[in-house]
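Be aware that the sequence shown starts at 1, since it is given in UniProt numbering, and climbs by one per residue.
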Amino acid sequence: MTTVRLTAAQAMVRWLANQQAEDGTRFIEGIWAIFGHGNVAGLGEALHGARDIFPTWRGHNEQTMAHTAIAYAKASKRRKAMAVTTSIGPGATNVVTAAALAYVNRLPVLIIPGDVFANRAPDPVLQQVEDFADGTVSANDCFRPVSRYFDRITRPEHILTALPRALRVMTDPAECGPVTLAFCQDVQAEAYDYPESFFTPKVWRIRRPEPDQAELEAAIAAIKAAKAPVIVAGGGVIYSGAEATLAAFAATHGIPVVETQAGKSALAHDHDMNFGPVGVTGASSANTVCETADLVIGLGTRFQDFTTGSWSLFKNPARRLLAINVQAYDAGKHGAISLVADARVALERLGAALQGLRFAAPDAALKADWAAAKAAVKATPAAGNALPTDMQVVGAVQRAATPATVVMGAAGTMPGELHKIWDAAPGGYHMEYGFSCMGYEIAGALGIKMARPDADVVCMVGDGSYMMANSELATAVMMGVPFTVVITDNRGYGCINRLQKHTGGAPFNNLLDDSYHVNPSAIDFVAHAGSMGARAVKAGSVAELEAKILELRGGRVPSVIVIDTDPGPSTAAGGTWWEVGVPEVSVRESVRAARARYEEMKAKQSVDG
């Protein structure tokens, strides 16, 4: 057997550089790194030696550089991924939030935090977490509950098995998610005679599971027995590449499609069978269809509470649930008829068995009424001194959009408004709403643009989320990765302030003026973004915002446009109930009234939900 003597870190990097996606490019496109105690000497030296074949990028914050990697994987439809490496202590734990985001959203990212010394000779080392009862624990054990696969590399030969296991998980459509390989720092530098065959290039193909015949027959029978079915399209449609198949299936059989946050843009917004977004942030058209449906067909969705209105939305007493999902865990939820299969394959098999079957489509007036509601809230406001709403800002961005535009966001007001009123072209919507993680936006826009360099990426972010994590804007400037950032400055956490008031609470600790302060907050976002090298401007009106988007499009660095907005209004049309616990006891009448509404809605929740 021919061998080559390498350090464990060198062998890891060489192996990763030889792992290929189905299109022949690297599956792990490169690695984000902030070097420190635990990875700079071993892995850092190995990455330097491979810098011409395996790119290394430097971030400014461990969490957000991991967000960039996750957004890259999402924008690549899980066909490609990135790695992230950190130091052993706070650098590693900074990534735990991003790991949870990837875990919830079922997105692949390879996390390689440095770890303590396997030989324990210098213990306790700088940044080491000591467990008085367990000598094997390190800070990286925080990753265990938010990793689909976790391993600790304590010997150089461990990577011979750990690395293939890692990529098996990352390329498995059912198990896909973050992988953590905690890499002991002394082991990174240890040499071993590795088999040359270990580094043979390999193509990782993502399988398409076929349905079980008995489950398929049960699904076919359920659809044939239905009178008013609806398809709830989730992110699995996009990851499967089933967009065209879904469009044809829905049109052929007259089955309306409604979109989750993850499934939005699987169908063009003007497709005849696209009845719009569903659930708490949904359209009246979609929610009306769901309320009357007798068969709810979940296609690649995990039925999050925002999708189901906390299981109050599907009100037909005859309603049945058919869950089509590549993951059996999701397909078996809430007493569903289970069809475990790839989304595209499932639609193809169902379509072949349902030839000639066509349902009466819902009233097209539902779509027309919703289109009118969207147009009204997105209209340019009349000239005056009143602050524009976030919906009017969305309208300006929509009017400036092109077929290449990808609008993205993550938390706060924008996911709700964009899900409701953005007219998405196919593939033109990217929302992190599984974890709803503030601070994803700027880093996420960078990852999307790296995955889709021809896209016109527009990042919609509130001032609160921007303040939470903005440093990868400087990274994008340094790397020459351009995108547009629209900052809606409503001076605080406007979305959660509205929720606070809706549940009877007094405005408190959300908007900056309602928070403890000695001096009023006055943040100059234009100056801040400009200091990082972005082209930053202030828009004094919605019309000016629209003009600035067009003017700044096509630069070589990110453009940031700041506009002041009103924190109060949100789109009143559409939507449905969302369960948020309201106090049973309060001295405030507004809270007691909110509790009464809460109990009324609790009584309407479906029993199996």
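Even for Gly, the Cβ is constructed at its ideal location relative to N, Cα and C.
(request) Pair every Cβ in the segment 306-318 with every Cβ in the segment 562-577, then say whether three or more of these pairs are closer than 8 Å. (result) Proximity of the segment 306-318 to the segment 562-577 meets the contact definition, three or more beta-carbon pairs being nearer than 8 Å.
(request) Might you give, ordered along the chain, the residues of its own chain that have their beta carbon closer than 8 Å to the beta carbon of L552, omitting 5 neighbours on each side? (result) T484, R535, V537, S559 and I561.
(request) For W577, write down the residues that DSSP places opposite it in a beta bridge. (result) DSSP lists no partner for W577.
(request) Under 8 Å by Cβ, that's how I've got P209 and D342 pegged, so tell me the actual separation to the nearest angstrom. (result) Rounded, the Cβ-Cβ distance is 5 Å, consistent with contact.
(message) The beta strand (DSSP E) that contains A323, what's its start and end?
(response) From DSSP, the beta strand (DSSP E) with A323 extends over R320 to N325.
(message) I'd like the ranges of any alpha helix (DSSP H) spanning at least 4 consecutive residues and lying wholly in the segment 223-261.
(response) Within the segment 223-261, the complete alpha helix (DSSP H) runs of at least 4 residues are 235-240 and 243-253.
(message) Let's test the definition: count the other Cβ atoms within 10 Å of the Cβ of Y466 and tell me whether it reaches 16, buried, or not, exposed.
(response) Y466 comes out buried.
(message) Can you look up Y149 in the DSSP assignment and give me helix, strand or coil?
(response) Three-state result, Y149: strand.
(message) In whole angstroms, give me the CA-to-CA distance for V84 and A33.
(response) When the Cα atoms are used, V84 and A33 turn out to be separated by approximately 6 Å.
(message) What would DSSP say about A382, mapped onto helix, strand or coil?
(response) In the structure shown, the three-state DSSP call for A382 is coil.
(request) Kindly indicate the opening and closing residues of the alpha helix (DSSP H) around T200. (result) Taken as a continuous stretch (DSSP letters only), T200 belongs to no alpha helix (DSSP H), as it is neither H nor E.
(request) Mind checking which residues open and close the alpha helix (DSSP H) that includes F183? (result) Run containing F183: none in the alpha helix (DSSP H); it sits in the beta strand (DSSP E), P178 to C184.
(message) Can you list, in chain order, the residues of its chain with a C-beta nearer than 6 Å to that of V582? Leave out the 5 residues immediately preceding and following it.
(response) Listed in chain order, the non-local C-beta contacts of V582 below 6 Å within the same chain comprise T503, A594, R595 and Y598, local neighbours out to five positions each way being set aside.
(message) Am I right that E130 and P124 are in contact with their C-beta atoms under 8 Å? What's the rounded C-beta distance?
(response) That belief holds up - the Cβ atoms of E130 and P124 are roughly 5 Å apart, short of 8 Å.
(request) Check the DSSP bridge columns for H37 and list the partner residues they point to. (result) DSSP lists no partner for H37.
(message) Between I70, L181, F54 and K227, which has its C-alpha nearest L357's C-alpha?
(response) Ranked by Cα distance from L357, the options I70, L181, F54 and K227 are led by K227.
(message) Give the list of continuous alpha helix (DSSP H) stretches no shorter than 4 residues that lie fully inside the segment 388-473.
(response) Listed in chain order, they are 390-400, 413-421, 440-451 and 463-468.
(request) Tell me residue 632's beta-bridge partners as DSSP assigns them. (result) Absent from the structure is residue 632, since the part of the chain shown begins at 1 and ends at 609.
(message) At the level of alpha carbons, what is the spacing between V40 and S284?
(response) In this structure, the alpha-carbon of V40 lies about 54 Å from that of S284.
(request) Report the residue from I153, E62, T68 and H419 whose alpha carbon sits nearest the alpha carbon of E441. (result) When only C-alpha atoms are compared, the closest one is T68.
(message) Using a Cβ-Cβ cutoff of less than 7 Å, which residues in the same chain neighbour G462 once the five nearest sequence positions on both sides are dropped?
(response) Beyond the five residues adjoining it in sequence on each side, G462 comes within less than 7 Å, by CB distance, of G412, T413, M414, T488, N490 and G494 in the same chain, given in chain order.
(message) Quick check: what's the CA-CA separation for L107 versus V518?
(response) Roughly 43 Å between the two C-alpha positions.
(request) Can you tell me the Cβ-Cβ gap for residue 610 and A46, rounded? I've got them flagged as a contact below 8 Å. (result) Only positions 1 to 609 of the chain appear in the structure, and residue 610 is not among them; the question remains open.
(message) Report the CB separation of D172 from V340 in whole angstroms; it is logged as a contact under 8 Å.
(response) Incorrect: roughly 13 Å between the Cβ atoms, too far for contact.
(message) Can you tell me whether N119 is buried or exposed? The criterion is at least 16 other CB atoms within 10 Å of its CB, across all chains shown.
(response) Under this definition N119 is an exposed residue.
(request) Count the CB pairs spanning the segment 7-15 and the segment 189-197 that are closer than 8 Å, and state whether there are at least three. (result) Verdict: yes, contact present.
(request) With DSSP as the reference, label L357 as helix, strand or coil. (result) Looking at L357 - three-state DSSP - the assignment turns out to be coil, as it is neither helix nor strand.
(request) Provide the residue(s) that pair with A115 in DSSP beta bridges, ordered along the chain. (result) Note on residue identity: the sequence assigns Asp, not Ala, to residue 115. Partner(s): C184.
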